[in-house]
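Going by this note's numbering, the sequence shown opens with residue 34, and the numbers climb by one from there.
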Amino acid sequence: MLEKGEQETMVEELNNNLKEVSQVNFNLKTDHFVLVHGISGGAWCWYKIRCLMENSGYKVSCVDLKSAGIDQSDANSVLSFDDYNKPLLDLLSALPENEQVILVGHSAGGLSVTHATLMFPKKIRLAVYVAATMLKLGYSTDQDIKDGVPDLSEFGDIYELGFGLGSNKPPTSAMVKKEFQRKIIYQMSPQEDSTLAAMLLRPGPLLAITTARFEEKDEVEKVPRVYVKSLHDHVVKPEQQDSMIKRWPPSEVYVLDSDHSPFFSTPFLLFGFLVKAAAYGGLK
Numbered sequence: 034m035l036e037k038g039e040q041e042t043m044v045e046e047l048n049n050n051l052k053e054v055s056q057v058n059f060n061l062k063t064d065h066f067v068l069v070h071g072i073s074g075g076a077w078c079w080y081k082i083r084c085l086m087e088n089s090g091y092k093v094s095c096v097d098l099k100s101a102g103i104d105q106s107d108a109n110s111v112l113s114f115d116d117y118n119k120p121l122l123d124l125l126s127a128l129p130e131n132e133q134v135i136l137v138g139h140s141a142g143g144l145s146v147t148h149a150t151l152m153f154p155k156k157i158r159l160a161v162y163v164a165a166t167m168l169k170l171g172y173s174t175d176q177d178i179k180d181g182v183p184d185l186s187e188f189g190d191i192y193e194l195g196f197g198l199g200s201n202k203p204p205t206s207a208m209v210k211k212e213f214q215r216k217i218i219y220q221m222s223p224q225e226d227s228t229l230a231a232m233l234l235r236p237g238p239l240l241a242i243t244t245a246r247f248e249e250k251d252e253v254e255k256v257p258r259v260y261v262k263s264l265h266d267h268v269v270k271p272e273q274q275d276s277m278i279k280r281w282p283p284s285e286v287y288v289l290d291s292d293h294s295p296f297f298s299t300p301f302l303l304f305g306f307l308v309k310a311a312a313y314g315g316l317k
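As structure tokens, this is what we get:
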């Protein structure tokens, strides 16, 4: 639980963010946010943010990528990133011709955001990376892997792996074991949220995600980017986030005193940052 002083500081920061937003001279409530989860997650991860946004009048879409959330696919059968990310691309493809969205990705959902900006740059007004993998070309170099692949070796044998192509082949799916989930992913989040996550997390298509590679195209630079950094992140560590930010600088960086899951641990501040980012369109 937060101390009284910390709660007051959070409320003050949120109020400051929303006060700045209110001074921007256009109708924010027409904004459409599309929220993308990370590996093993689902649309459900965003329930607090969705509630805050919809109660404030924004349009919100939360997508389940293939084998995630309520999608019925088996993660061990999802072997390419294009296949995994198809639900997001289908959603963007179905948008009215002149509609633009604010696309928000958490964790490995950052790869989905980058892929989408390459495919539909005219439909994305702003890309926001929340404690996310922000790699221009995906996992194309050793440095990309160093920056973007979580190193959780300090916690021991923490993964449940699936071998859909056979035991002699690389694993096709992975999920953090239940006994490690709170310690690694949700250490600053309310107990009820980490309990909910333990009930809903599913194996993620590891092979599809780690083989994500993108062609270098000018289109990706046409979409402004904002990064939301999580200071106490055990999954995408702060030094990894800093390296990705340095290598592919976004228009703005916001910082949250959170674990890897700020939609649970600091939802009000994350909501404030997302609204602020949308208001300014990623421009300083």
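Every residue, glycine too, gets a C-beta built ideally from N, C-alpha and C.
Legend entry - H148, enclosing alpha helix (DSSP H) - first and last residue: G142 to M152
Legend entry - Inter-residue Cα distance where the pair is F114 and T63: 31 angstroms
Legend entry - C-alpha gap between I72 and C78, whole angstroms: Each residue's Cα considered, the two are about 11 angstroms apart.
Inset, instruction - Take T244 and list the residues in its own chain whose beta-carbon comes closer than 8 angstroms to its own, dropping the five residues that flank it on each side. - result: S113, F114 and Y172
Inset, instruction - Check whether the stretch 281 to 295 touches the stretch 255 to 272, counting contact only when three or more Cβ pairs, one atom from each stretch, lie closer than 8 angstroms. - result: yes
Inset, instruction - Could I get the ranges of all uninterrupted beta strand (DSSP E) runs contained in the stretch 155 to 202, with 3 residues as the minimum, in chain order? - result: Listed in chain order, the complete beta strand (DSSP E) runs (minimum 3 residues) inside the stretch 155 to 202 are 157 to 163 and 192 to 195.
Inset, instruction - Taking V134 and H65 to be in contact with their CB atoms under 8 angstroms, please state how far apart those CB atoms are, rounded to whole angstroms. - result: 5 angstroms
Inset, instruction - For L302, name the three-state secondary structure that DSSP assigns. - result: Annotated three-state conformation of L302 is helix, per DSSP.
Inset, instruction - Could you spell out the range, first to last residue, of the alpha helix (DSSP H) harbouring Y80? - result: Y80 to N88
Inset, instruction - Helix, strand or coil for R235, going by three-state DSSP, please let me know. - result: Of the three classes helix, strand and coil, the one that applies to R235 here is coil, per DSSP.
Inset, instruction - Examine the Cβ distances between the stretch 156 to 169 and the stretch 138 to 148 and report whether three or more of them are shorter than 8 angstroms. - result: yes
Inset, instruction - Specify whether the stretch 236 to 253 and the stretch 143 to 156 touch according to this definition: at least 3 beta carbon pairs, one from each stretch, less than 8 angstroms apart. - result: yes
Inset, instruction - May I ask you to list the residues that DSSP assigns as paired with R246? - result: G171
Inset, instruction - Could you spell out the range, first to last residue, of the alpha helix (DSSP H) harbouring S276? - result: P271 to R280
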